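Trainee: The numbering of the sequence shown is this note's numbering, which starts it at 766 and goes up by one. Note that beta-carbon positions come from the ideal geometry of N, C-alpha and C, so glycine has one too. For clarity, every value in this text was computed on a predicted model and none was experimentally measured.
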Amino acid sequence: MAAELTLVVPTFNEKGNLRELLRRVDAVLHGVEWEMIVVDDDSPDGTATLAKEIARQDTRLRCLRRVNRRGLAGACIEGMLASSSPVVAVMDADLQHDERILPKMLAKIHAGADLVVGSRHVDGGSAEAGFSARRAAISRFATRLAKKALHADFSDLMSGFFMLRRTIVEDCAPELAPTGFKILADIVASAKQPLKIEEVGYMFRERLAGESKFDIKVGLDFLGLLLNKASGGRIPIRFIFFALVGLSGVAIHLLTVNFALAAFGVSFPVAQSIAVVVAMTSNFYINNMITYRDAKLKGFWPILRGLLYFYAVCAFGAVANVGVATWLYNLYPVVWISALAGVIMGSVWNYTLSSLFVWRRD
């Protein structure tokens, strides 16, 4: 019989939790035809291997192993699009999401809801056991910010535990960002029509095995998503990160110039040259860690080669910057407009060539 519900479970190093998750889900979904799609980002702990071993005995389980691709949002999107069930749900494999509310969520879908969110912030919900004070504060702040930016009127926009009609995902899939972590906010912002949204409270539990993936990069991903949606999707999230890293490079450049002049007593042209190299090097390493972390360069020689390519790209970008600014200034002599146009041109040039040659996906 065809599945009525597909559970999409994105994984990275969750081998220790997989069997227990399957046992718990099986215990609560009585009378429901369901399947589980594990979308694994090539976990080094063998999560995909274990999932396929289990699938040979339990055909309700399927595994999609993604190679050379990373990101929770992209994994969720691929898993949901791989389903043929009328209803899909997303939940983590770390056992922090309470599987016991799945029947309640499905009942609300059957009653007419388009999207049901497992919430930590309504009656019956709590995040005290699974969140540190710092993580809880970040989550609350991000939720308030996102609710205002996306005009979403429900309590837990940062939730990673939700259920919805598959047709909603099919309709908005081309607009969804495959990078980042907060896929729920992206779906709500990208939906083609207003959604009827319900919430079910649950207790966010402590992780039993593995490590949390929540860090500062998750917050940056979410900020990038909000800026992307504020631009109507016109500005790619990756370019937003690239530009923000560029701004940090300006600050590093100015600090380095002043330090070189004060500490070493060099001439200004020498201090400026040192600052250029330091800022470019800083931008390269930050971009490698954050902007292009799904294509992160590893190992001495790949990093050295990438750094040299990045120097070359930035050198050409500087020429493009000056050329466009000078051309525009000759046509329309307003300094700030010409300078800004040059900066934008240089940034777009650097971003494009960096994506093609420095962090290219083979």
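Residues in its own chain within less than 6 Å of residue 880 by CB, not counting five upstream and five downstream?
Mentor: 929, 960 and 962
Trainee: According to DSSP, simplified to helix, strand and coil, what is residue 1123?
Mentor: Of the three classes helix, strand and coil, the one that applies to residue 1123 here is helix, per DSSP.
Trainee: Helix, strand or coil for residue 834? Go by DSSP, reduced to three states.
Mentor: coil
Trainee: Excluding five sequence neighbours on each side, which residues of the same chain lie with their C-beta closer than 7 Å to the C-beta of residue 1123?
Mentor: 1071, 1074, 1075 and 1078
Trainee: For residue 775, which beta-bridge partners are listed by DSSP?
Mentor: The partner list for residue 775 (beta bridge, DSSP) reads 804.
Trainee: Alpha carbon to alpha carbon, what distance is there between residue 966 and residue 1047?
Mentor: When rounded, the distance between both Cα atoms is 44 Å.
Trainee: Rounded to a whole number of angstroms, what is the C-alpha to C-alpha distance between residue 1010 and residue 788?
Mentor: 44 Å
Trainee: Note down the Cα distance separating residue 1063 from residue 1042, rounded to an integer number of angstroms.
Mentor: 21 Å
Trainee: Just grab the DSSP bridge partners of residue 927 for me.
Mentor: Under DSSP, residue 927 shares a beta bridge with 855 and 882.
Trainee: Please state whether the Cβ-Cβ distance between residue 774 and residue 819 is less than 8 Å.
Mentor: Cβ atoms of residue 774 and residue 819: not closer than 8 Å.
Trainee: Assuming residue 937 and residue 924 make a contact with CB atoms under 8 Å, what is their CB distance in whole Å?
Mentor: Rounded, the Cβ-Cβ distance is 18 Å, inconsistent with contact.
Trainee: Beta-carbon within less than 6 Å of residue 741's beta-carbon, same chain only, minus the 5 sequence neighbours each way: which residues are those?
Mentor: Because the chain spans 766 through 1127 in this model, residue 741 falls outside it and cannot be assessed.
Trainee: With a CB to CB cut of under 8 Å and the five nearest residues on each side skipped, what residues in its chain are close to residue 884?
Mentor: 890, 919, 920, 921, 924, 964, 965, 966 and 967
Trainee: Check this for me: beta carbons of residue 799 and residue 825, under 8 Å apart or not?
Mentor: A contact, by the Cβ cut-off of 8 Å.
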